Amino acid sequence: MIEFKQSSQFWQIWFVGAKGVDWLAAIYKHEGEGWTCKYRFRYHEDNKAHDSTDRKSWTTITTGETGDRPPESLMSAISMVAKMTASHFKGELHMLPVRCDGLKAAEALMREPWSHARIEPAGKAL
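Heads up, the sequence shown is in numbering that gives the first Met the number 0, so the first residue is 0 and it goes up one at a time.
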């Protein structure tokens, strides 16, 4: 799950939508922590965007970097993974540079026509 906390700094969100699968990634930094990238693959089992039986596979990459910007190596690596994922699944890649706190990032994500994101109670996954 990606937690969109107001005290967090979000940098960028990626999404790849393809037939039967999608991929979501975000680079962010929670207060007092280093930059993190969290991404997931979602394998569609039904046609529901929420409360679905879809299989999800999450991966987290953390850094010790606490500067104002995420490490360029992390940005480059995730951008490359996003492009490769879109190519492999013949999907469409969407990139959303947000550069804001977690609540504003969540709002920006929910405004995108390709996004099915919604605010969930604590402990529920996107």
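Ideal Cβ placement from N, Cα and C applies to all residues, glycine included. Keep in mind it's a predicted model, so treat the numbers as computed, not measured.
Q. I think PRO70 touches TRP34, with their Cβ atoms under 8 Å apart; what is that distance to the nearest whole Å?
A. 6 Å
Q. Do you know whose CA, among CYS99, TRP113, HIS115, ARG110, lies nearest LYS4's CA?
A. CYS99
Q: In angstroms with no decimal places, state the Cα-to-Cα distance between ARG39 and ASP67.
A: 25 Å
Q. DSSP three-state call for MET94: helix, strand or coil?
A. strand
Q. Sorted by chain position, which residues of the same chain lie with C-beta nearer than 6 Å to ARG41's C-beta, five sequence neighbours on each side aside?
A. ASP21, ASP53, LYS55
Q. With distances taken from CA atoms, which of LYS37, LEU92, LYS103 is nearest ALA81?
A. LEU92
Q. ILE1 and ALA17: beta carbons closer than 8 Å?
A. no
Q: Take LYS89 and list the residues in its own chain whose beta-carbon comes closer than 7 Å to its own, dropping the five residues that flank it on each side.
A: ALA17
Q. For TYR27, which option in ALA48, THR59, GLY19 has the closest C-alpha, if you only look at C-alpha atoms?
A. THR59
Q: Mark GLY101 as exposed unless 16 or more other C-beta atoms lie within 10 angstroms of its C-beta, in which case mark it buried.
A: buried
Q: Just the C-alpha distance for GLY63 and HIS87, rounded to the nearest angstrom, thanks.
A: 31 Å
(Q) Just list the residues that DSSP pairs SER56 with in beta bridges. (A) PHE40
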